[in-house]
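Asker: Before I ask anything, let me first share the structure, which is written out below as structure tokens.
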């Protein structure tokens with residue numbers, strides 16, 4: 463079903479919700495001020511096995527070949543004696559039939575290759591490789607299963623739990639990602655990639671808990687990654703992001719971004735972050751030049767996403783849309799591209815297309831919260847309260863505690879309840895207010911709305 467809006471309704475929506483560009487952006491995608499880009503951590507490394515891993519079918523084939531060679535040797539020996547006894551002939555025939563039958567029954571059961579791993583280390587590496595491949599194809603369930611199997615095989619190897627953190631990050635499951643990365647750095651505190659990933663997760667906004675402590679930890683992890691790999695441009699870039707998240711927009715953050723661009727002159731994200739910082743400090747011409755550089759260098763899908771997200775954090779939604787549409791031509795089902803495009807379209811009041819891309823993003827990555835939260839707010843603004851309620855209920859199932867709390871406001875259950883109340887549907891309104899109270903029982907606004915409803 464498509465959204466249908468009249469000019470009058472659009473005006474009413476704007477007046478009712480006061481949807482300035484900044485307000486709407488924050489409502490659609492959360493706080494943008496501390497945005498750090500949609501980072502995709504590296505896959506865990508896979509070590510090559512010293513011994514080749516053979517399948518059962520290949521092992522059986524080798525056995526059959528060896529047996530046939532033995533039979534041929536027997537036949538040659540008998541021929542050399544110019545006489546083959548009946549017993550020799552019968553043994554050769556029976557052995558050949560037996561080996562052929564065994565090989566045929568093995569290959570005929572199914573065509574599936576069953577890995578016959580010679581030791582636990584080889585099996586672990588196989589599972590890590592399968593997890594990486596599944597992650598790259600966005601089969602997150604298969605990736606999770608492979609990494610978990612690897613973790614059971616070698617619980618003290620940080621690569622398995624680091625891989626789990628990656629797939630949780632890909633789906634914006636921040637609490638699970640943080641837990642996994644913390645365990646990874648505990649097992650291997652010299653892994654620079656894990657330190658960068660942990661820092662990135664810790665600076666995500668709207669996470670709840672002790673924000674100051676979280677941001678301090680993010681800075682420590684980023685600093686640690688630099689000490690471990692001083693030539694890593696991503697480490698310096700993330701250090702700048704962590705400084706910005708704490709409100710430090712001074713020369714230290716600027717220098718960190720500049721070092722990242724010096725280490726990798728084609729690292730588009732560092733130019734985008736540098737441009738944002740320069741703009742905050744009033745260096746507009748320099749900021750413009752660095753934004754231009756970032757856009758020019760963003761040519762593959764991951765970097766197009768990263769730069770587009772930074773542009774959105776600066777309210778440059780038109781510029782971000784150009785990059786995102788380019789990314790879609792390369793990867794039409796990328797859930798992050800679709801989600802960010804939906805935000806840009808919503809800002810431009812292109813609600814019909816925004817609805818479709820949010821739905822598509824959710825279908826590709828069903829455990830990701832943000833597309834559902836954004837979609838519910840669209841339905842509320844369109845006065846499609848029944849559909850908004852369904853989406854909100856679905857969102858509560860996959861949301862973290864902090865995310866679930868964000869569903870109680872004007873663009874959540876309270877908004878749906880207010881809409882029902884305007885229609886005279888008091889029982890439905892009360893149901894929505896009570897649902898909000900379940901999530902946030904001490905919220906005075908929710909309690910006052912419940913008290914005001916008289917059935």
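Numbering (this note's numbering), first residue to last: 463 to 917.
Virtual Cβ for every residue (Gly too), placed ideally from N, Cα, C.
Keep in mind that this is a model prediction, so the values were computed, not measured.
Helix, strand or coil for residue 776, going by three-state DSSP, please let me know.
Answerer: Residue 776: coil per DSSP, three-state reduction.
Asker: If we count Cβ pairs, one from each stretch, closer than 8 Å, do we get three or more for the stretch 737 to 757 versus the stretch 788 to 799?
Answerer: The stretch 737 to 757 vs the stretch 788 to 799: no contact.
Asker: Counting along the chain, where does the alpha helix (DSSP H) carrying residue 869 start and finish?
Answerer: Premise fails: residue 869 is in no alpha helix (DSSP H) and is neither H nor E.
Asker: Please go through the same chain and pick out, in chain order, the residues whose beta-carbon is closer than 6 Å to the beta-carbon of residue 728, but skip the five residues on each side of it.
Answerer: Answer for residue 728: 759, listed in chain order.
Asker: Determine the burial state of residue 910: buried for a count of at least 16 other Cβ atoms within 10 Å of its Cβ, exposed for fewer.
Answerer: Under this definition residue 910 is an exposed residue.
Asker: Could you compute how far the alpha carbon of residue 487 sits from the alpha carbon of residue 809?
Answerer: Because the pLDDT of residue 487 is 42, which lies under 50, any placement of that residue in the model is unreliable, and the number read from its coordinates should be weighed accordingly. About 7 Å.
Asker: Could you tell me whether the Cβ atoms of residue 582 and residue 615 are closer together than 8 Å?
Answerer: The answer is yes: Cβ separation under 8 Å.
Asker: Drop a sphere of 10 angstroms on the beta-carbon of residue 870, count the other beta-carbons inside from all chains shown, and report buried for 16 or more, exposed for fewer.
Answerer: Residue 870 is buried by the Cβ-count criterion.
Asker: State the start and end residues of the unbroken alpha helix (DSSP H) segment that holds residue 797.
Answerer: Here the alpha helix (DSSP H) through residue 797 covers 797 to 809.
Asker: Let me know if residue 697 comes out buried or exposed under the rule of 16 or more other beta-carbons within 10 Å of its beta-carbon.
Answerer: Result: buried.
Asker: If you drop the 5 nearest sequence neighbours on each side, which residues of the same chain put their C-beta closer than 6 Å to that of residue 501?
Answerer: Counting only Cβ-Cβ distances below 6 Å, and skipping sequence neighbours, we find 662.
Asker: Let's test the definition: count the other Cβ atoms within 10 Å of the Cβ of residue 756 and tell me whether it reaches 16, buried, or not, exposed.
Answerer: The residue in question, residue 756, is buried, as its Cβ has 16 or more Cβ neighbours within 10 Å.
Asker: Taking the alpha-carbon of residue 863 as reference, which of 641, 671 and 784 has the nearest alpha-carbon?
Answerer: When only C-alpha atoms are compared, the closest one is 671.
Asker: Taking C-beta to C-beta, are residue 649 and residue 665 nearer than 8 Å?
Answerer: For residue 649 and residue 665, no; Cβs fall outside 8 Å.
Asker: Could you say which of 769, 673, 764 and 716 lies nearest to residue 744 if we only look at CA atoms?
Answerer: Out of 769, 673, 764 and 716, 716 has the C-alpha closest to the C-alpha of residue 744.
Asker: Quick one: is residue 908 near chain D, going by C-beta distance under 8 Å?
Answerer: No chain D is part of this structure, which consists of one protein chain only.
Asker: In angstroms, rounded to a whole number, what distance separates the CA positions of residue 823 and residue 829?
Answerer: If you take the alpha carbons of residue 823 and residue 829, they lie about 10 Å apart.
Asker: Output needed for residue 725: all residues of its chain with C-beta closer than 8 Å, excluding positions within five of it in sequence on either side, in chain order.
Answerer: If we look at residue 725 and ignore the five residues flanking it on each side, its Cβ neighbours are 693, 694, 695 and 698.
Asker: With C-beta atoms as the reference, is residue 504 less than 8 Å away from residue 655?
Answerer: In contact: residue 504 and residue 655 (Cβ atoms closer than 8 Å).
Asker: Go through its chain and collect everything with a Cβ distance to residue 679's Cβ below 6 Å, but skip five positions before and after it.
Answerer: So the list reads 664, once near-sequence residues are dropped.
Asker: Buried or exposed, going by whether 16 or more other CB atoms sit within 10 Å of the CB of residue 906?
Answerer: Exposed, by the Cβ-count rule.
Asker: Relative to the C-alpha of residue 713, which residue among 593, 732, 645 and 702 is closest?
Answerer: Nearest of 593, 732, 645 and 702 to residue 713, Cα basis: 702.
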